[in-house]
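Heads up: the structure comes next, in structure tokens.
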Amino acid sequence: MKRTSNREEKMSLVQQKLEEGVRDIFESDKYKEYIETMSRFPRYSINNCILIACQYPEASHVCGFKKWQTDFNRTVNKGEHGIMIIAPIKIKADVEEPLYDENSKPVLKEDGTQETETVSREFQGFKPAYVFDVSQTSGDPLPSIVEQLNESVDGYEQLKQILIEVSPVPVSFEPISGGANGYYSPTSQQIVIKDDLPELQTIKTMIHEIAHASLGHGSKEDKWDRETKEVQAESVAYWVSQMLGLDTSDYSFGYISGWSKDKEVSELKENLDIIKQTADKISLAIEEKVQKLQEDKVEVVEQSEKRIKKYR
């Protein structure tokens with residue numbers, strides 16, 4: 073019982089950290105920093121992303137103590153303190169359940185009440201766990217998606233083509249009057265990008281508008297006001313741009329504090345979760361395209377080598 077009580081106390085502390093963390097993300101001037109940190113952990117839940125960002129904002133890649141050794145040939149440096157996250161566990165417990173016969177009819181006692189039986193059931197639970205950032209470890213270097221992108225994508229035109237392919241709606245490049253760099257039209261289901269933008273601005277605008285389309289803005293199910301839509305799309309664009317290693321110095325989120333001021337923690341957390349899910353989906357689609365390019369390059373090299381050997 074002591075052990076269970078200790079776990080419950082720790083989980084209560086985790087919950088408190090989450091509540092404070094969500095508010096801190098939006099009320100401080102660190103929104104950009106937090107989003108940057110969370111963008112590095114696509115396979116972690118939003119709760120764990122928040123916990124990591126709050127405790128170790130400079131984190132870039134985290135793993136458990138043993139996983140650093142077995143998967144990456146790295147060891148945690150002596151004296152380092154772990155980052156607390158939530159890990160799923162299976163809990164077995166004996167429970168009393170109503171008893172039924174082979175015909176699914178209740179088995180009754182003499183007094184007419186239903187018989188019960190004790191059965192062992194397995195439940196999903198959670199416990200505090202600890203991970204360590206790569207900066208807290210020593211050993212072999214880690215591969216990164218930015219390196220993969222640089223190796224596989226031959227510049228601007230290829231990255232632009234990848235974004236066109238991962239977009240949920242068609243993308244066109246046309247003259248746009250006024251100050252807009254691009255737009256997503258939910259009625260015509262298309263993205264239009266201004267055709268004379270600088271290369272980096274073109275890529276960033278494409279990601280922003282792909283975010284609007286991926287988020288379903290303007291659809292019948294869309295419940296968000298215009299300001300919230302822009303917060304979501306710009307946050308997703310910043311998140312994905314970070315993953316691609318693009319220059320993100322021109323992104324600004326100074327308006328975040330005002331936007332979040334009167335919102336409940338649950339709504340703020342819902343927005344973070346939506347941003348994360350959408351950014352992860354776009355990032356994963358890009359990674360898959362990059363991986364395919366790598367495989368195609370290897371295949372071309374292998375075929376070239378076979379032809380050279382054949383004619384020697």
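In the numbering used here, each residue's number is its place in the sequence shown (first place is 1) plus 72. Quick reminder that beta carbons are idealized off the backbone N, C-alpha and C, glycines included.
By the three-class DSSP mapping on this structure, what secondary structure does residue i have?
i: A285; result: helix
i: V264; result: strand
i: Y106; result: helix
i: A131; result: coil
i: Y323; result: coil
i: S307; result: helix
i: V94; result: helix
i: E81; result: helix
i: A159; result: strand
i: D352; result: helix
i: D297; result: coil
i: L180; result: strand
i: A201; result: strand
i: L221; result: Residue confidence is low: L221 scores 48 on pLDDT, short of 50, so the model does not pin down where it sits. Its coordinate-derived value is still stated next. Of the three classes helix, strand and coil, the one that applies to L221 here is helix, per DSSP.
i: K166; result: Checking the sequence shown, residue 166 turns out to be Asp, not Lys. Three-state result, D166: strand.
i: E187; result: coil
i: V206; result: helix
i: S192; result: strand
i: N86; result: The amino acid at residue 86 is misidentified as Asn; the sequence shows Val. Note: V86 maps to helix in three-state DSSP.
i: S329; result: helix
i: E25; result: Lying before the first or after the last residue shown, residue 25 is absent from the chain, which here runs from 73 to 384.
i: Y255; result: strand
i: E229; result: helix
i: V148; result: strand
At the level of alpha carbons, what is the spacing between residue i and residue j?
i: L406; j: K266; result: Residue 406 lies beyond the range of the chain shown here (73 to 384); nothing can be said about it.
i: S324; j: Q366; result: 34 angstroms
i: P178; j: G154; result: 52 angstroms
i: W296; j: H289; result: 8 angstroms
i: P213; j: D319; result: 23 angstroms
i: N343; j: V337; result: 10 angstroms
i: K82; j: K138; result: 22 angstroms
i: S249; j: R298; result: 21 angstroms
i: I107; j: K353; result: 16 angstroms
i: N145; j: D101; result: 37 angstroms
i: E80; j: Q88; result: 12 angstroms
i: N149; j: C126; result: 21 angstroms
i: Y128; j: K301; result: 28 angstroms
i: E229; j: K199; result: 47 angstroms
i: V362; j: I122; result: 28 angstroms
i: G227; j: Q273; result: 14 angstroms
i: E359; j: T142; result: 24 angstroms
i: D322; j: E105; result: 14 angstroms
i: H133; j: Y116; result: 11 angstroms
i: P258; j: F245; result: 17 angstroms
i: N175; j: D166; result: 24 angstroms
i: K364; j: D345; result: 28 angstroms
i: L90; j: E293; result: 28 angstroms
i: K333; j: T147; result: 42 angstroms
i: K335; j: V303; result: 14 angstroms
i: A351; j: M315; result: 9 angstroms
i: S84; j: G326; result: 32 angstroms
Look at residue i and residue j and say whether their C-beta atoms are less than 8 angstroms apart.
i: K341; j: V86; result: no
i: W311; j: S111; result: yes
i: A285; j: P240; result: yes
i: G197; j: I157; result: no
i: E152; j: F204; result: yes
i: V308; j: A283; result: yes
i: T277; j: L269; result: yes
i: E281; j: G317; result: no
i: I441; j: K232; result: An answer regarding residue 441 cannot be provided, because it is not within the stretch 73 to 384 covered by the chain.
i: V25; j: A357; result: With the chain represented from 73 up to 384, any question about residue 25 goes unanswered, as that position is not in the structure.
i: A201; j: A159; result: yes
Would you mind giving the Cβ-Cβ distance between residue i and residue j, rounded to the nearest angstrom? I have them listed as a contact below 8 angstroms.
i: S355; j: P114; result: 6 angstroms
i: E189; j: K164; result: 16 angstroms between Cβ atoms; not a contact.
i: I118; j: K348; result: 5 angstroms
i: K279; j: Y103; result: For clarity, residue 279 is Ile in the given sequence; the question names Lys instead. With 8 angstroms as the limit, I279 and Y103 do not qualify as a contact, their Cβ atoms being about 18 angstroms apart.
Can you check whether the C-beta of residue i is within less than 8 angstroms of a C-beta belonging to chain D?
i: E108; result: Of the protein chains in the structure, only one exists, and it is not chain D.
Discussion item. Does the region 177 to 191 come into contact with the region 199 to 212, if we say contact requires no fewer than three beta-carbon pairs (one atom in each stretch) closer than 8 angstroms?
Written reply: The answer is no - the region 199 to 212 does not touch the region 177 to 191, with fewer than three Cβ pairs under 8 angstroms.
Item to complete: Please determine if the region 162 to 175 and the region 96 to 103 are in contact, where contact requires at least 3 C-beta pairs separated by less than 8 angstroms.
Response: The region 162 to 175, when compared against the region 96 to 103, does not touch it at the 8 angstroms Cβ threshold.
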